[in-house]
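K.L.:
Sequential numbering from 133 applies to the sequence shown in my numbering.
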Amino acid sequence: FPVGRIHRLLRKGNYAERVGTGAPVYLAAVMEYLAAEKNRIIPRNLQLAIRNDEELNKLLSGGTIAQGGVLPNIQAVLLPKKTEKKA
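1) Under the rule that 16 or more other beta-carbon atoms within 10 Å means buried, what is L191, buried or exposed?
2) To the nearest angstrom, how far is it from the Cα of T196 to the Cα of Y147?
3) Using the Cα positions of G201 and G194, report the straight-line distance between them to the nearest angstrom.
4) Between which two residues does the alpha helix (DSSP H) harbouring Q179 extend?
5) Enumerate in chain order the residues of its own chain whose CB-to-CB distance from Q179 is below 7 Å, with the five nearest sequence positions on each side excluded.
6) Between which two residues does the alpha helix (DSSP H) carrying E164 extend?
7) Classify I182: buried if its beta carbon has 16 or more other beta carbons within 10 angstroms, exposed otherwise.
8) Who are the Cβ neighbours of I173 in its own chain at under 8 Å, not counting the five residues just before and after it?
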């Protein structure tokens, strides 16, 4: 991912008054990490990747990803009971 283009887009967008020199490098690395196995990234892929990664989730916890959906979460009491096999 092109760091220069990401830096320009961060400056041009209304994300912050100032953009540090390390921000686009870090963002490019994150995008490369997320795109390692996928050719086309949809918002659902971003949502699942970010929420399942501890550090990215902490960094982006206050943000909302449009069309990202929700994480699947099944309460433990609703899961079927495991039975022991007698040998």
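C-beta atoms are modelled at their ideal positions from N, C-alpha and C, and glycine is treated no differently. These figures come from a predicted structure and were not determined experimentally.
P.N.:
So, from the data block:
1) In the sequence shown, counting from the first residue as 1, residue 191 sits at position 59. It counts as exposed.
2) The residue given as residue 196 occupies position 64 in the sequence shown. The residue given as residue 147 occupies position 15 in the sequence shown. So the two alpha carbons sit approximately 14 Å from each other.
3) On the sequence shown, position 69 is the one that residue 201 refers to. On the sequence shown, position 62 is the one that residue 194 refers to. Spanning the two alpha carbons is a distance of roughly 15 Å.
4) On the sequence shown, residue 179 is found 47 positions in, with the first residue counted as 1. From DSSP, the alpha helix (DSSP H) with Q179 extends over 175-184.
5) For the purposes of this step, residue 179 is taken as residue 47 along the sequence shown, with counting starting at 1. Here the set comprises I197, G200, G201.
6) Locating residue 164 in the sequence shown gives position 32, counting from the first residue. Its alpha helix (DSSP H) spans residues 154-166.
7) What you label residue 182 is simply residue 50 of the sequence shown in a count that begins at 1. Buried: at least 16 other Cβ atoms inside 10 Å.
8) Along the sequence shown, read from residue 1 onward, the residue named residue 173 stands at position 41. The answer, listed in chain order, is L166, A167.
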